[in-house]
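Numbered according to my numbering, the sequence shown spans residues 13 to 353.
One structure is given here, and the rest of the page talks about it.
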Amino acid sequence: MLKTIPVEEAVGHVLVHDITEIRPGEFKGPAFKKGHIVTEKDIPHLKRLGKERLYVLTLEPGELHEDEAALRLATLIAGENVVFDPKPSEGKISLKAKVKGLLKVDVDTLTQAAMIPEVCISSLHNNTVVSEGQVIAATRVIPLVIKAHVVEIVENICGKKKIFEVKAFNRLSTGLIITGNEVYYGLIEDKFNGAVTKKLRNYECDLINTIYCPDDKQKIMDAINSLISENAQLIIISGGMSVDPDDVTRLAIAEAGATDIVYGTSILPGAMFLYAKIKGIPIMGLPACVIYFKTTVFDIMLPRVLAGEEIRREDIARLAHGGLCLNCEECRYPVCPFGKA
């Protein structure tokens, strides 16, 4: 049960929650922590914070303090590679990534939990690339005291599922095939190698070999098989993804034994992206936009492949919503709407 007393009468009482102070541009955080014993000299400070009355708390059976409720919620929703400090700050617990990886959010379950007015669970977008130690979500309850059965409702919604997990990236040994007569015969300088290598380096993937091929189906097939024999765990093939008569890369991938082929996306730039598997090895076919635009379909799909995700037509179709790059003068990806679905 909660009751209030005038702040002048609070000397000797224990604070039942953190009291926040905001100094614009300087500080935002707890001025007084839960458990602090109020002293005479605290009274002017509390009044400056707008506190004319303070709570005195006696919990009744079936009631939870906001801190205990936040801890129960955090324990409930944090899955693999998600950690948190069990001591709330201002009634809130922040969930952090234990490893660098791909954040996975059970959006449907999160939405159901968020329908409960007293419960707050906030997160980054599903499929966000996160760093070790990065805050990926936070939770709290709205009131200072909440009925235990409200938290139990969230427990029933989640069941045995966890709303948040982080899939660690695999450092895949990667083979690169660059196709096109214009590059193979030295008519133009290759730009694919540098563009792809830079992005692989961000995920600590080794490039074990780069093979250049003309627009020759058999030679591209031979290059694929060569990289497989070199134990490549990921094969990236650039060029030849359009519908031009000289572009035979897609045919070569198919005839090399590819399965689960997904070709064509509603992501721009990156409409002619291809994903497939050969002998269990993921194959990524990159269109020419990768060497022109700073951010493309490759930036969206590479983290998912490295996290061990299976790429399905439905997954790519969902990216139609949010799949249009704004082509900003200064690219700020991933701090932008591109690829957020």
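Ideal placement from N, C-alpha and C gives every residue a C-beta, glycine not left out.
Only a predicted model underlies this, so the values are computations on that prediction, with no experimental measurement involved.
Taking the alpha-carbon of E92 as reference, which of I49, I295 and V178 has the nearest alpha-carbon? V178
Here's the rule: buried if 16 or more other CB atoms are within 10 angstroms of the residue's CB, otherwise exposed. What is E326? exposed
Would you mind reading off the limits of the beta strand (DSSP E) that contains H77? E75 to H77
Given I169, which residues of its chain have a CB within under 6 Å of its CB, disregarding the five upstream and five downstream residues? Q124 and A125
Looking at I323 and I249, is the spacing between their C-beta atoms short of 8 Å? no
Three-state secondary structure (DSSP) of R183: In the structure shown, R183 adopts coil according to DSSP, grouped into three states.
Just how far apart, CA to CA, sit A332 and C348? 15 Å
On the DSSP bridge list, what partners appear for Y304? Answer is none; Y304 lacks a bridge partner.
Assuming contact is defined by CB atoms lying nearer than 8 Å, are L246 and V317 in contact in what I supplied? yes
Would you kindly work out how many angstroms separate the C-alpha atoms of L192 and A300, rounded to a whole number? Position check: residue 192 holds Gly in this sequence, whereas Leu was assumed. Roughly 11 Å separates the two Cα atoms.
Taking a contact to mean a Cβ-Cβ separation below 8 Å, would you say I55 touches A86 in this structure? no
Less than 6 Å between C-beta atoms, sequence neighbours within five positions excluded: which residues of the same chain meet that for H137? K352
Label M284 either buried or exposed according to how many other C-beta atoms from any shown protein chain fall within 10 Å of its C-beta, with 16 as the threshold for buried. buried
What separation, rounded to the nearest whole angstrom, lies between the Cα atoms of N48 and L27? Note that residue 48 is His in the sequence shown, not Asn. Each residue's alpha carbon lies about 5 Å from the other.
Got a sec, what are the start and stop residues for the beta strand (DSSP E) V274 sits in? T271 to Y275
On the DSSP bridge list, what partners appear for I247? G187 and I295
Taking 8 Å as the cut-off, decide whether the C-beta atoms of R12 and A82 are in contact. The first residue shown for the chain is 13 and the last is 353, placing residue 12 beyond what the model contains.
For R262, which residues from the same chain have a beta carbon less than 8 Å from its beta carbon, with the 5 sequence-adjacent residues on both sides left out? Excluding residues within five positions, the ones whose Cβ falls inside 8 Å are G252, M253, Y275, L286 and G297.
Chain-order list of residues whose beta-carbon lies under 7 Å from that of L184 (same chain, five-residue window excluded): C217, Q245, L246 and L318
Measuring CB atoms only, is the segment 58 to 76 touching the segment 132 to 147, in the sense that at least three cross pairs come out at less than 8 Å? no
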